[in-house]
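J.:
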Amino acid sequence: MSDLAALVVALPIFGSLVAFLAALVRSKSGWPVAVVATVAQLAVAATLAARAFGEGTISYVVGGFEAPYGIELVVDGLTATMLVLIAAVSLGVLAYARRAGPRSNPFYAVFMLLVAGLTGMSVTADLFNMYVFLEITGLAAYALVASGDRGRSAVAALKYLLVGTVGASLFLLGVGYAYIDTGTLNMADLAAKLAANGYSATLTQTAFALIVVGLFIKVAVFPLHTWQPDAYAGAPDTVSGLISALVSTVAAYALLRVVFTVFGTAFLDANPFAHGLLVGGAIISILLGSLLAVSQSEVKRMLAYSSVSQFGLIVAAISIGNVTALTGAAIHLVGHAIMKGGLFLTAGLVATETGARRVDEYEGLVKRSPVGAGVFGVLAVAMVGVPPTIGFAGKWYIAVGAAEAGAWTLLAVIVGSTLLTLAYFARLVERMFFREPSADLEPAVERVEAVPDGGDATESDAVEASLGMYAAVVAAAVLSVALGFAVFGYGDVLQSTIEALLS
Amino acid sequence: MTDITSLRPLAAVLVSAVAVVPILASYRRPNLREGWTVLAAVLKLVLVASMVPAALRGDVYVTDLGPFVPYIDFTLRADALGLLFALVASTLWLVTSFYSIGYMRGLDEHSQTRYFAAFAGSVSSAVGVAFASNLVVLYLFYELLTVATYPLVAHDETDEARAAGRKYLAYTFGGGVAVLGGTLLVVHLAGTTAFTAGGIAGLANSDPTLARVAFALLVTGFGVKAALMPLHSWLPDAMVAPTPVSGLLHAVAVVKSGVFGVARVLLDVFGIDLVAELGVGGVLAAIAAFTLLTASVIALRQDNLKRRLAFSTVSQLSYIVLGIAVGGAAALGTGDAAKWALIGGLLHIPAHAFMKLTLFFCAGAVHVETHTDDISNMAGIGKRMPLTMGAFAVAAAGMAGIPLVAGFVSKYFLLIGTVSSGSLLFTVALLVSGVLNIAYFWPVVYTAFFETPERSDEKPLVEANLGGYFGREARADGGHEETATAGHDDGRGHGNGNGHGHAAGWERFAPNGSESTWFMLGPILFAAAGSVVLGVVPDTAVFLQVVREIVAGATAMGVVV
Chain A
619 MSDLAALVVA
629 LPIFGSLVAF
639 LAALVRSKSG
649 WPVAVVATVA
659 QLAVAATLAA
669 RAFGEGTISY
679 VVGGFEAPYG
689 IELVVDGLTA
699 TMLVLIAAVS
709 LGVLAYARRA
719 GPRSNPFYAV
729 FMLLVAGLTG
739 MSVTADLFNM
749 YVFLEITGLA
759 AYALVASGDR
769 GRSAVAALKY
779 LLVGTVGASL
789 FLLGVGYAYI
799 DTGTLNMADL
809 AAKLAANGYS
819 ATLTQTAFAL
829 IVVGLFIKVA
839 VFPLHTWQPD
849 AYAGAPDTVS
859 GLISALVSTV
869 AAYALLRVVF
879 TVFGTAFLDA
889 NPFAHGLLVG
899 GAIISILLGS
909 LLAVSQSEVK
919 RMLAYSSVSQ
929 FGLIVAAISI
939 GNVTALTGAA
949 IHLVGHAIMK
959 GGLFLTAGLV
969 ATETGARRVD
979 EYEGLVKRSP
989 VGAGVFGVLA
999 VAMVGVPPTI
1009 GFAGKWYIAV
1019 GAAEAGAWTL
1029 LAVIVGSTLL
1039 TLAYFARLVE
1049 RMFFREPSAD
1059 LEPAVERVEA
1069 VPDGGDATES
1079 DAVEASLGMY
1089 AAVVAAAVLS
1099 VALGFAVFGY
1109 GDVLQSTIEA
1119 LLS
Chain B
3 MTDITSLRPL
13 AAVLVSAVAV
23 VPILASYRRP
33 NLREGWTVLA
43 AVLKLVLVAS
53 MVPAALRGDV
63 YVTDLGPFVP
73 YIDFTLRADA
83 LGLLFALVAS
93 TLWLVTSFYS
103 IGYMRGLDEH
113 SQTRYFAAFA
123 GSVSSAVGVA
133 FASNLVVLYL
143 FYELLTVATY
153 PLVAHDETDE
163 ARAAGRKYLA
173 YTFGGGVAVL
183 GGTLLVVHLA
193 GTTAFTAGGI
203 AGLANSDPTL
213 ARVAFALLVT
223 GFGVKAALMP
233 LHSWLPDAMV
243 APTPVSGLLH
253 AVAVVKSGVF
263 GVARVLLDVF
273 GIDLVAELGV
283 GGVLAAIAAF
293 TLLTASVIAL
303 RQDNLKRRLA
313 FSTVSQLSYI
323 VLGIAVGGAA
333 ALGTGDAAKW
343 ALIGGLLHIP
353 AHAFMKLTLF
363 FCAGAVHVET
373 HTDDISNMAG
383 IGKRMPLTMG
393 AFAVAAAGMA
403 GIPLVAGFVS
413 KYFLLIGTVS
423 SGSLLFTVAL
433 LVSGVLNIAY
443 FWPVVYTAFF
453 ETPERSDEKP
463 LVEANLGGYF
473 GREARADGGH
483 EETATAGHDD
493 GRGHGNGNGH
503 GHAAGWERFA
513 PNGSESTWFM
523 LGPILFAAAG
533 SVVLGVVPDT
543 AVFLQVVREI
553 VAGATAMGVV
563 V
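Quick note, the sequences are listed as chains A and B, same order.
Numbers given in our numbering equal positions in the first sequence, counted from 1, plus 618.
Numbers given in our numbering equal positions in the second sequence, counted from 1, plus 2.
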């Protein structure tokens, strides 16, 4: 089918609608609908990826309205990676959520809406369309964060909404300025017209700055990250796993797309300030994200600050801008999604089994929750960047890219980030394996039910961890090590996409 | 030099990694669990030993798994230098496995399954370090070695053990970061990091300053595990680990991987000719000489036997680094100085391993049987443990360089190398260090055999207060003795201070093995015998042959000495 590019966006929207309406037929039927829709989504994404990597970039115009007036959807190697990642991670989170997560139909409707927004952001080649999907993603994410049943979730969601809307608005403003500058919204057309205008017009530079800062807020680059620790820690565990793995990841993908497809390396060369903005954001995020993570006493907040630091690495790769570095960015986006999503789901598993949420409650975890402690240890080692995990592979590519480009400060910071990551993960690993459990904690302190129909949430099965939960986290751990060996092949197939990005 | 494609190098690395799973699964059946460890150790030794004859001929077993990340192929090569380390590690792992059984059961230790599993993982990583064919694969196994050995350092789960574990992680990961930085720089300069006998060609043609920076980063990174001062302080603290861990890992596998890394950098990344041109060999030799003297002096003060052995290890590792560095510094000179120094340094890897393992095993056996850790409590313990302390005496003699034990052979080559190269300062340092070795080992032997708990002499080096700046707290106390600080014969402290011996004296055992379990005595006697064999017939015991093969390749002088 040649309409697969449009189908991959339409399918989750349709799934969302079905999940919502299915409540009329049978309550608590959201989960099966979501699973069916996501499996179908994965199949479509995989087909698109096979075609994009095998035959070359796929282009599709929506509704027959030709570009640059209509909306164009483009699937190149990078987009294909994102599509498969979104579908696969959503499936993993759904496996986790079968017993753990909220069970209401509206929850799964919003879940599928988030998947639709993320997919749309990845596949679109129109800048305003990207804004639309950015907002859909944002709104769905705010609602998911708020779906926990404690006041903390609501406050976290409100903070996320306020900060996120500012970010999206800045993005829109930047898109508007770009439109004024060139008269078009299609990315490829924008690139051509911006190049023709020359890169020194104030309007162009302002457009760049606004879009990048707006995306920095969505990616949670220091100091625009303040919504992230509250949102990740306050959300239900299922939601934390999903949004930590996907939302900032796709926002970083959008940053990559805007910087290279729309503005291009020539723009960065002509505007050293723009380049400096990226480098500065990267270095500060890497350093301060790690330092703040070390001082956290709650595990999910620590993981959130860890994300700030890891996305600093991605922004560093963007600022370096050569083939090796951008391949590393793609690898690290995938790797970090798997590792961080896995870590959040493991934190949820541990909390379900033992009630431990704070760092000092993790003492002796290996005795109370052996699978949880083991998986957490493996994922922590992967995040630190011990070879041959995928965490090392991504970092290696980015570091080699920095060495090739002669960016020595960035190289020192990237290599040093290993030690900083070690600092906050080692204390958890030590506590889990080499200390005795201290106090007795009640399992499943956090109850995750948003029940709009006012019925009783079943208490009894919220205490045991289900097979789906174990499967999801173990799969994340296994993938984080196994994919480390597949990166070279992946780098090969991605090469033509990256070279096209940089030309 | 032909390459034989084979799975043997990969198999040798993976045998013990694969064994981790059955070891963990047999946690309820200790004998089965220990059986897996022994089986894996035997298999590993057989695999490694089978590759030695080929390497001596110049053929190398290679496993090539294809590209891993850009610029790097995941290849394992069992060349002569790699086999030197791998042979030492696998032989001594078999020996240590038996010793561990005796030790852990003798003390009824907790978490034995975790211990044996982590041990298997560590030796797997060590052999991986040995067979790595380029800097990145070496870095990969180097980091895995840290991860695998951390549970062993923190095994006791006391505050002290956890603090030692944290320090160990901080130092070794810091070293790993330096190695990563150096590796990236080498990639930038030369486009590859594959080990080439005689050095990577691209490096020789690159900017000397950047090459020196890369050298400094790599040597610093590996120097952490090689316990070069001032990066050594993790090692004495890691002595809180169980004795087999201190023995195999911190006298054989972990620290030898550090000196092995240094050897690879000097011989196969830079090549000794480039090292001599860049002038960095002399600097490294100076640091090594400083370390070997200072660590010997500090060892004089230690009352805890394992800490004394730890500082002795720090000192002896620098013998190896000194040999390699002098080999580098003297490469462009006339004569064979570089060859002798290299042979001495590299031969010291197996020589020191056997001797130090004997010493640690003895310390552990003493701990299990009598719960004595401090030398001041060991008066007359030779009656209680004659075979153990006899082996200790033999190994200690070797450490000091007495002929007929392994240490003499390597030291002989080192001395000749340093004299021929003209750097007499290093020769003097080696000779002084030999005297200091006697100075800190002889009291242990003397106390064990020639003293009794009722009648023992003062140990002023260990017990007396330091003067000057270091002794100010003691003076403020009114001159009470502190056993924590060491010193000169400044104030004659009372010799009958702390706990000299037991009131009842030691039980007397005959030297027929009744003093302890054969699980521990066997390995002790094997390692001591190994030290003697290596000292009497080093070529037949294969290690010297391997070393000569390495040096022939590294110096490209063609003729094997």
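C-beta atoms are modelled at their ideal positions from N, C-alpha and C, and glycine is treated no differently.
For A134 of chain B, which of helix, strand or coil comes out of DSSP?
T.: Within the second sequence, residue 134 of chain B is the residue found at index 132, counting from 1. Of the three classes helix, strand and coil, the one that applies to A134 of chain B here is strand, per DSSP.
J.: Using only CA atoms, which one of A:L791, A:F826, A:V837, A:I956 lies nearest to N889 of chain A?
T.: Here residue 889 of chain A refers to the residue found at position 271 of the first sequence. Minimum Cα distance to N889 of chain A is reached at A:F826.
J.: Taking 8 Å as the cut-off, is the beta-carbon of G273 of chain B closer than that to any non-hydrogen atom of the ligand ZN?
T.: Of the ligands one can find in the structure shown there are none, so the ligand ZN has no counterpart to examine.
J.: I'd like to know if V247 of chain B contacts chain A, where contact means its C-beta is closer than 9 Å to some C-beta of that chain.
T.: Position 245 of the second sequence, counted from the first residue, corresponds to residue 247 of chain B. No, its Cβ sits nowhere closer than 9 Å to a Cβ of chain A.
J.: Using the rule of at least 16 other Cβ atoms within 10 Å of the residue's Cβ for burial, across every protein chain shown, is G1073 of chain A buried or exposed?
T.: The count along the first sequence starts at 1 and reaches residue 1073 of chain A at position 455. Low local confidence applies: a pLDDT of 43 at G1073 of chain A is under 50, so the model's placement there is unreliable, with the coordinate-based value given in what follows. Looking at its Cβ environment, which holds fewer than 16 other Cβ atoms inside 10 Å, G1073 of chain A is exposed.
J.: How many whole angstroms separate the CB atoms of S634 of chain A and A734 of chain A, which I take to be in contact at a CB cut-off of 8 Å?
T.: Position 16 of the first sequence holds residue 634 of chain A. Position 116 of the first sequence holds residue 734 of chain A. That pair is a contact at about 6 Å.
J.: Are the CB atoms of F133 of chain B and V271 of chain B within a distance shorter than 9 Å?
T.: Position 269 of the second sequence holds residue 271 of chain B. Position 131 of the second sequence holds residue 133 of chain B. In this structure, F133 of chain B does not lie closer than 9 Å to V271 of chain B by Cβ.
J.: Whole angstroms is fine: what's the gap from A955 of chain A's alpha carbon to T867 of chain A's?
T.: Along the first sequence, one-based indexing puts residue 955 of chain A at 337. Along the first sequence, one-based indexing puts residue 867 of chain A at 249. Roughly 7 Å between the two C-alpha positions.
J.: P890 of chain A lies in the beta strand (DSSP E); which residues open and close that run?
T.: Sequence index remark: in the first sequence, residue 890 of chain A carries index 272 (1-based). Looking at the DSSP string, P890 of chain A is not in any beta strand (DSSP E); the run it does join, the alpha helix (DSSP H), is 890–912.
J.: Using a beta-carbon distance below 9 Å, is V1033 of chain A in contact with chain B?
T.: As a position in the first sequence, residue 1033 of chain A is number 415, starting the count at 1. With 9 Å as the cut-off, V1033 of chain A counts as an interface residue toward chain B.
J.: Please tell me whether I1116 of chain A and G801 of chain A are closer than 9 Å, where the distance is taken between their beta carbons.
T.: If you number the first sequence from 1, residue 1116 of chain A lands on position 498. If you number the first sequence from 1, residue 801 of chain A lands on position 183. No, these two residues do not count as a Cβ contact at 9 Å.
J.: Along chain B, which residues have their Cβ under 7 Å away from the Cβ of L1037 of chain A?
T.: Position 419 of the first sequence holds residue 1037 of chain A. Per Cβ cutoff of 7 Å: F175, G176, V179.
J.: In the structure shown, what three-state DSSP assignment does G335 of chain B receive?
T.: The sequence position of residue 335 of chain B within the second sequence is 333, counting from 1. Residue state, collapsed to three classes: coil.
J.: So with CB distances below 8 Å, who are the chain A contacts of Y141 of chain B?
T.: Residue numbering aside, residue 141 of chain B sits at position 139 when the second sequence is read from its first letter. Residues of chain A passing the Cβ test: P1005.
J.: Which residue comes first and which comes last in the beta strand (DSSP E) that contains I6 of chain B?
T.: To locate residue 6 of chain B, count along the second sequence from 1; it is residue 4. It spans 5–7 - the beta strand (DSSP E) in which I6 of chain B sits, taken as one unbroken run.
J.: Quick check: the Cα distance between L334 of chain B and A291 of chain B, rounded to an integer number of angstroms?
T.: Taking the first residue of the second sequence as 1, we reach residue 334 of chain B at position 332. Taking the first residue of the second sequence as 1, we reach residue 291 of chain B at position 289. If I take the Cα positions, the gap works out to 21 Å.
J.: What does L1029 of chain A reach in chain B if we use C-beta pairs closer than 8 Å?
T.: As a first step, residue 1029 of chain A must be located in the first sequence, where it is residue number 411. G183, L186, listed in chain order.
J.: According to DSSP, is H496 of chain B part of a helix, a strand, or is it coil?
T.: By one-based count along the second sequence, residue 496 of chain B stands at place 494. Only weak support exists for where H496 of chain B lies, its pLDDT of 37 falling under 50; the value from the coordinates is given anyway. Three-state DSSP puts H496 of chain B in coil, outside helix and strand.
J.: With burial defined as no fewer than 16 other Cβ atoms inside 10 Å of the residue's Cβ, what is the status of N439 of chain B: buried or exposed?
T.: Reading the second sequence from its first residue, position 437 is the one you call residue 439 of chain B. Flag for N439 of chain B reads buried.
J.: Check the Cβ of T942 of chain A against every Cβ in chain B and list those closer than 8 Å, keeping chain order.
T.: Indexing the first sequence from 1 puts residue 942 of chain A at position 324. Here the neighbours are P72.
J.: Drop a sphere of 10 angstroms on the beta-carbon of I798 of chain A, count the other beta-carbons inside from all chains shown, and report buried for 16 or more, exposed for fewer.
T.: Looking up residue 798 of chain A in the first sequence gives position 180. I798 of chain A is exposed by the Cβ-count criterion.
J.: Buried or exposed for N723 of chain A, please, with buried defined as at least 16 other CB atoms from any protein chain shown within 10 angstroms of its CB.
T.: The residue you call residue 723 of chain A lines up with position 105 of the first sequence. Buried, by the Cβ-count rule.
J.: Distance check for A365 of chain B and N498 of chain B, CA to CA, integer angstroms please.
T.: For the purposes of this step, residue 498 of chain B is taken as the residue at position 496 of the second sequence. For the purposes of this step, residue 365 of chain B is taken as the residue at position 363 of the second sequence. Caution applies to N498 of chain B, whose pLDDT of 37 falls short of 50 and renders its modelled position unreliable; the value that the coordinates give is listed next. Those two C-alpha atoms are separated by around 24 Å.
J.: Mapping the DSSP letters down to three states, classify T454 of chain B as helix, strand or coil.
T.: Looking up residue 454 of chain B in the second sequence gives position 452. Coil.
J.: Have a look at A:L803, A:L886, A:V702, A:V917 and flag the residue whose alpha-carbon is nearest the alpha-carbon of S937 of chain A.
T.: Numbered from its first residue, the first sequence carries residue 937 of chain A at position 319. Looking at the Cα atoms, A:L886 is the closest of the given residues.
J.: For a test of the three-state rule: what should DSSP assign to P1 of chain B, helix, strand or coil?
T.: Given a span of 3 to 563 for chain B in the structure shown, any question on residue 1 of chain B remains unanswerable.
J.: With 9 Å set as the bound, which would you pick, yes or no: does the beta-carbon of R986 of chain A sit closer than that to a beta-carbon of chain B?
T.: Locating residue 986 of chain A in the first sequence gives position 368, where the first residue counts as 1. R986 of chain A does not count as touching chain B.
J.: Below 8 Å on C-beta distance, what does L171 of chain B contact in chain A?
T.: Along the second sequence, read from residue 1 onward, the residue named residue 171 of chain B stands at position 169. The contacting residues are L1040, A1044.
J.: Contact between the stretch 93–113 of chain B and the stretch 68–81 of chain B is defined here as three or more beta-carbon pairs at a separation below 8 Å; is this criterion met?
T.: In short, these stretches do not touch, since the Cβ pair count stays below three.
J.: Given that a residue counts as buried once 16 or more other Cβ atoms are within 10 Å of its Cβ, and exposed if not, what is V553 of chain B?
T.: The residue labelled residue 553 of chain B in the question sits at position 551 within the second sequence. It is buried - the Cβ of V553 of chain B has at least 16 other Cβ atoms within 10 Å.
J.: Helix, strand or coil, according to DSSP, for V539 of chain B in the structure here?
T.: Taking the second sequence and counting its residues from 1, the one referred to as residue 539 of chain B is at position 537. Coil at V539 of chain B, not helix or strand.
J.: E1048 of chain A versus chain D: which residues are under 8 Å apart at the beta carbon?
T.: No chain D is part of this structure, whose protein chains are labelled A and B.
J.: Let me see if you follow: with CB-CB separation under 9 Å, is P455 of chain B close to chain A or not?
T.: Counted from its first residue, the second sequence places residue 455 of chain B at position 453. No, because no Cβ of chain A sits closer than 9 Å to the Cβ of P455 of chain B.
J.: Cβ atoms of G346 of chain B and I289 of chain B: under 9 Å apart, would you say?
T.: Start at 1 with the first residue of the second sequence, and residue 289 of chain B comes out as number 287. Start at 1 with the first residue of the second sequence, and residue 346 of chain B comes out as number 344. Result no, Cβ atoms of I289 of chain B and G346 of chain B do not sit closer than 9 Å.
J.: For D799 of chain A, list the residues DSSP reports as bridge partners.
T.: Numbered from 1 along the first sequence, position 181 holds the residue referred to as residue 799 of chain A. None; D799 of chain A has no bridge partner.
J.: Got a sec: is the Cβ-Cβ distance from G263 of chain B to anything in chain A below 9 Å?
T.: Reading the second sequence from its first residue, position 261 is the one you call residue 263 of chain B. Taking Cβ atoms only, chain A never reaches closer than 9 Å to G263 of chain B, which makes this a no.
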